[in-house]
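Note sheet for the following structure.
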Amino acid sequence: MKKIILLIGFLLISITIYTQEKPKSATITGNVVSESKSLPYATILVNGTTLGTTTNYDGNYTLSNLKPGTYTITAQSNGFKPYETTITIKENETLTLKFELEPDILGLNEIVITGNRSKIKRKKASTIVNIINTDIFETTQSVTLGEVLNFCPGLRMENDCQNCGFSQIRMNGLEGPYSQILINSRPIFSGLAGVYGLELIPSNMIDKVEIIRGGGSALYGSNAIAGTINLILKDPTQNSYEIGFNSSIIGVGVDDSKNTSEDYSVNFNTSVVSNSGNTGLAVYGFHRDRDPFDANNDSFSEIASLKNTTIGSRLFQKIGTKAKLAMDFFHINEDRRGGNKFSYPNHEADISEAVKHNLTTGALTFEQYYREKDLFSVFASAQKIDRDSYYGANQSLSDYGNTKDFTYNTGIQYNAFFKNSNLILGVENTGSTLKDKKLGYLDYENALIIDNEIVEIPHTENTIVANQSIYTTGVFSQYEIKKNKLTISLGARLDWYKVKDKQKNNADKTGDVLSPRISFLYDIQKNLQARLSYSKGYRAPQIFDEDLHIETSGSRQVIHVNDPDLKQETSSSYMASLDYSGIIGNTNFGFLVEGFYTKLNDPFSNEFSEPDENGTVIYTRINAKKGAKVQGLNFELNIVPNNKFSLKAGYTYQKSEYEEVQEFNEKTFFRTPDNYGYIALDWEPTTKWCFSTTGNYTGEMLVPYFGPTITNPDEGELRKSDTFFDLGLKIRHNIKIKNSTLQLYSGVKNIFNSYQDDFDSDIDRDPAYVYGPMNPRTIYFGLKFGNLISL
Numbered sequence: 006m007k008k009i010i011l012l013i014g015f016l017l018i019s020i021t022i023y024t025q026e027k028p029k030s031a032t033i034t035g036n037v038v039s040e041s042k043s044l045p046y047a048t049i050l051v052n053g054t055t056l057g058t059t060t061n062y063d064g065n066y067t068l069s070n071l072k073p074g075t076y077t078i079t080a081q082s083n084g085f086k087p088y089e090t091t092i093t094i095k096e097n098e099t100l101t102l103k104f105e106l107e108p109d110i111l112g113l114n115e116i117v118i119t120g121n122r123s124k125i126k127r128k129k130a131s132t133i134v135n136i137i138n139t140d141i142f143e144t145t146q147s148v149t150l151g152e153v154l155n156f157c158p159g160l161r162m163e164n165d166c167q168n169c170g171f172s173q174i175r176m177n178g179l180e181g182p183y184s185q186i187l188i189n190s191r192p193i194f195s196g197l198a199g200v201y202g203l204e205l206i207p208s209n210m211i212d213k214v215e216i217i218r219g220g221g222s223a224l225y226g227s228n229a230i231a232g233t234i235n236l237i238l239k240d241p242t243q244n245s246y247e248i249g250f251n252s253s254i255i256g257v258g259v260d261d262s263k264n265t266s267e268d269y270s271v272n273f274n275t276s277v278v279s280n281s282g283n284t285g286l287a288v289y290g291f292h293r294d295r296d297p298f299d300a301n302n303d304s305f306s307e308i309a310s311l312k313n314t315t316i317g318s319r320l321f322q323k324i325g326t327k328a329k330l331a332m333d334f335f336h337i338n339e340d341r342r343g344g345n346k347f348s349y350p351n352h353e354a355d356i357s358e359a360v361k362h363n364l365t366t367g368a369l370t371f372e373q374y375y376r377e378k379d380l381f382s383v384f385a386s387a388q389k390i391d392r393d394s395y396y397g398a399n400q401s402l403s404d405y406g407n408t409k410d411f412t413y414n415t416g417i418q419y420n421a422f423f424k425n426s427n428l429i430l431g432v433e434n435t436g437s438t439l440k441d442k443k444l445g446y447l448d449y450e451n452a453l454i455i456d457n458e459i460v461e462i463p464h465t466e467n468t469i470v471a472n473q474s475i476y477t478t479g480v481f482s483q484y485e486i487k488k489n490k491l492t493i494s495l496g497a498r499l500d501w502y503k504v505k506d507k508q509k510n511n512a513d514k515t516g517d518v519l520s521p522r523i524s525f526l527y528d529i530q531k532n533l534q535a536r537l538s539y540s541k542g543y544r545a546p547q548i549f550d551e552d553l554h555i556e557t558s559g560s561r562q563v564i565h566v567n568d569p570d571l572k573q574e575t576s577s578s579y580m581a582s583l584d585y586s587g588i589i590g591n592t593n594f595g596f597l598v599e600g601f602y603t604k605l606n607d608p609f610s611n612e613f614s615e616p617d618e619n620g621t622v623i624y625t626r627i628n629a630k631k632g633a634k635v636q637g638l639n640f641e642l643n644i645v646p647n648n649k650f651s652l653k654a655g656y657t658y659q660k661s662e663y664e665e666v667q668e669f670n671e672k673t674f675f676r677t678p679d680n681y682g683y684i685a686l687d688w689e690p691t692t693k694w695c696f697s698t699t700g701n702y703t704g705e706m707l708v709p710y711f712g713p714t715i716t717n718p719d720e721g722e723l724r725k726s727d728t729f730f731d732l733g734l735k736i737r738h739n740i741k742i743k744n745s746t747l748q749l750y751s752g753v754k755n756i757f758n759s760y761q762d763d764f765d766s767d768i769d770r771d772p773a774y775v776y777g778p779m780n781p782r783t784i785y786f787g788l789k790f791g792n793l794i795s796l
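According to my numbering, the sequence shown is numbered sequentially starting from 6.
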């Protein structure tokens, strides 16, 4: 399948190049303004073609190499409503065209693609699409992707391990593996990458994040039960540059800790576009160095040390006026370690959990326009991970490992547009292979000793822990029709999957799953919309996901395996929402209330064994005999009285329960608070100054504990956490230097140090007993310099 898809793609490219006509010399010039002010770096597009350009610093543009004809031209810029006009131009004619854009204060007209795998305005999408853009990254001072995801309704980022800082995102009360992570709409973010991946991705490589809550398996396949998070990487649209530096001090003024830790990062972005606009290249880089942080003075870390170096690029080449080839590449080298004795080798520490990732991702996309808007695309992307690891205690030599993972996604898709409807058809193939092994070591415990001298030390060979693969082929389709105030979207996807266990020689696990979806959008009034949807989703028995992480203490090690009879998990999800957006008085006001209900069938659960003679506990993933359900409400509020002030807030109330009791005779999902929320406020009194306030609220949750402070650590006990409110403040100041800007900033995260105060201690601690905000009080400062910086 993969070879066929790639062959079709290369044939199409060849045909397009061969039939390419030389462009004529017609030209459009003009400028883009808003409220009598020029808009620099606005985008001018010729609909149904790959032609386009951007305005310069003064808001002027030139669009060349047009053939004579009639075109629809669109001008758009972040924070403004797109404007379309139709023109007719003759050969050798130069036409002057001025655009005046209206502010889009609430971002309702921003173009999104995740909702239905096609470009559409947010307000017209049949499902709610939340956007995390660069403004929110700036307001929250988020250096990596994981730091910003708390600022979206229904999402909560959590740390799950004191040793290595394994983190995951929960959406609508469901664990991380229930959410599909996409990179430029492609599902190549593998289970292995997902263990630490959200903290691997630096924010400066991301243009925006699109988030869909609710089942998305009808379009994106396995794992999109809770929702979909789509990372849109930065595209070269104009000549630009930006460099930045950030320094943070973790644990300032924390009573129980005598130490603070430093965390600094540097980054750069640059892009170059040819004068014709046919070729563009963006390059970005990032480096971060974070020291370990010890919150309770036991010499063991609560926050792992981390070094991350990222380099990447995106290149596009337009082929005539109707075709475009885009290529992406990035490489991440990350080294993290938790435990103690950081200046010693891993096997000399009392506890060490250390991983070193070498992650490389590449993608190729070819797009060809037909008719006025129809779009045909061929795509291929892949991700390779080489991970060295150590999960061990008590100076063990037997816990070094290496994991190799390769994930790919190929496919074709056709988007057809009609007068009041559109149709999407596609097929894609996704595969993943993973080989995990423990490395050989010198076995000193069984050394041959004669006359108190070591004569011979046996050597244990490498041991293959897992050697598995999963392949999925999916066919998907969606038809959307608009009639008066009602928009109906019908979609379905049929997946065939195969899971191979090459190590254990078990029979292949195969299955086919039909995932339908239906959505309704009704415009009750101009400013009030109602949405209703149903979707079915699934999770196949996977190779590994976040369970490849191993929790280690001095007396206990936890590993995870799949039950031989594990079968796919399915879901039925219902979503209903009311979305108001309008102007009340002189204030732009937006309010969303969204109800969700997800029924899980054969949900994955864990049963654990008694510790063996080495203290190892096996968590076996099984299917719960009965199902589980997650239900609740999301609220979102946007208030923008003027261009100097904005407030965003969100709140979630939900319940997540199995239908029968699980661990600790409890039905409730662990580590899942019933309520949580956020607030983000920006005040810009002048064009040079901006003040930001952010906050995150986390309600009570049930947290398992298996530490030495209880009578029977092997049986453990269930505890209820405190509530937390993490409040932050940031100040920014801009200094204009010709056509560039120098921005200086400083701030505090978690001002009141609302942070867990009962971490487990010493070598026999339970490292998974972690809850609440991910960082204690942290102060930071930094600077940025570039030609695209604005408040």
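Every residue gets a Cβ at the ideal spot worked out from N, C-alpha and C, and that includes glycine.
Predicted model only: the values in this text are computed from it and were never measured.
Shortest Cα-Cα distance from SER184 to any of ILE316, LEU203 and THR60 involves LEU203.
In this structure the region 274-285 does not lie against the region 301-314, because fewer than three pairs of beta carbons, one per stretch, are closer than 8 Å. Taking the C-beta atoms as reference points, LYS442 is found nearer than 7 Å to ASN467. Within its own chain, the residues whose Cβ lies closer than 8 Å to the Cβ of SER766, once the five positions on either side in sequence are excluded, are ASN301, ASP303 and PHE305, listed in chain order.
Bounds of the alpha helix (DSSP H) holding ALA223 are 222-225. Assignment of LYS129 by DSSP, reduced to helix, strand and coil, places it in the helix class. Counting along the chain, THR144 sits inside the alpha helix (DSSP H) bounded by residues 139-145.
Residue pairing for HIS352: DSSP places it in no beta bridge.
Considering only LYS743, ASN780 and GLY752, the residue with the shortest C-alpha distance to GLN761 is ASN780.
Shown here for LYS323: same chain residues with a beta carbon closer than 7 Å to its own, the five before and five after excluded, namely THR55, ASN283 and LYS329 in chain order. Judged by their CB atoms, ASP506 and VAL518 are not nearer to each other than the 7 Å cut-off. Scanning the region 498-537 from its first residue to its last, the whole beta strand (DSSP E) runs of 3-plus residues come out as 514-530.
Per DSSP, ASP404 has no beta-bridge partner at all. The C-beta distance from TYR66 to THR60 rounds to 5 Å, short enough to fall under 8 Å. ASN272 and PRO646 have their C-alpha atoms some 34 Å from each other.
According to the DSSP secondary-structure assignment, ILE627 is paired through a beta bridge with SER610. Approximately 17 Å separates the beta-carbon atoms of LEU111 and ASN639; this is outside 8 Å, ruling out the contact. Just measuring C-alpha positions, the residue of LEU734, PRO713, ILE715 and PHE675 sitting nearest LEU707 is PHE675.
Taking a C-beta distance under 7 Å as the contact criterion, ALA231 and ASN177 qualify as a contact pair. If you look at VAL148, you'll find it isn't in any alpha helix (DSSP H); DSSP assigns it neither H nor E. In the three-state reduction of the DSSP assignment, PRO678 falls in the coil class, being assigned neither a helical nor a strand state. A direct Cα-Cα distance of roughly 4 Å separates SER310 from PRO297. Comparing C-alpha distances from LYS327 to each of GLU377, ARG319, HIS292 and ASP333 shows the shortest one belongs to GLU377.
In the structure shown, GLY181 falls within a helical segment according to DSSP collapsed to helix, strand and coil. Sorting ILE390, ILE308, ASP333 and GLY325 by C-alpha distance to the C-alpha of GLY317 places ASP333 at the top.
Taking a 10 Å sphere around the C-beta of GLU307, we find 16 or more other C-beta atoms and assign the residue as buried. Taking C-beta separations shorter than 8 Å and ignoring five residues to either side along the sequence, the partners of ALA387 in its chain run ILE193, THR366, GLY367, ALA368, PHE411, THR412, TYR413 and ASN414, following chain order.
Within the DSSP secondary-structure output, ALA633 pairs in a beta bridge with LEU605 and TYR663. Here ALA654 really is in contact with GLY682; their C-beta atoms are around 7 Å apart, less than 8 Å. Counting C-beta pairs closer than 8 Å gives three or more between the region 233-247 and the region 788-795, which meets the contact rule. For PHE729 against GLY777, the beta-carbon gap comes to about 5 Å, under 8 Å, which counts as contact. Per the C-alpha coordinates, the member of GLU89, PHE335, ASP404 and ASN399 positioned closest to VAL360 is ASP404.
Shown here, TYR774 sits in coil according to DSSP, grouped into three states, outside any helix or strand.
With fewer than 16 other Cβ atoms inside 10 Å of its own Cβ, ASP448 counts as exposed. Bridge partners of MET332 according to DSSP: LEU320 and LEU369. Taking C-alpha positions only, PRO73 is separated from THR99 by approximately 11 Å.
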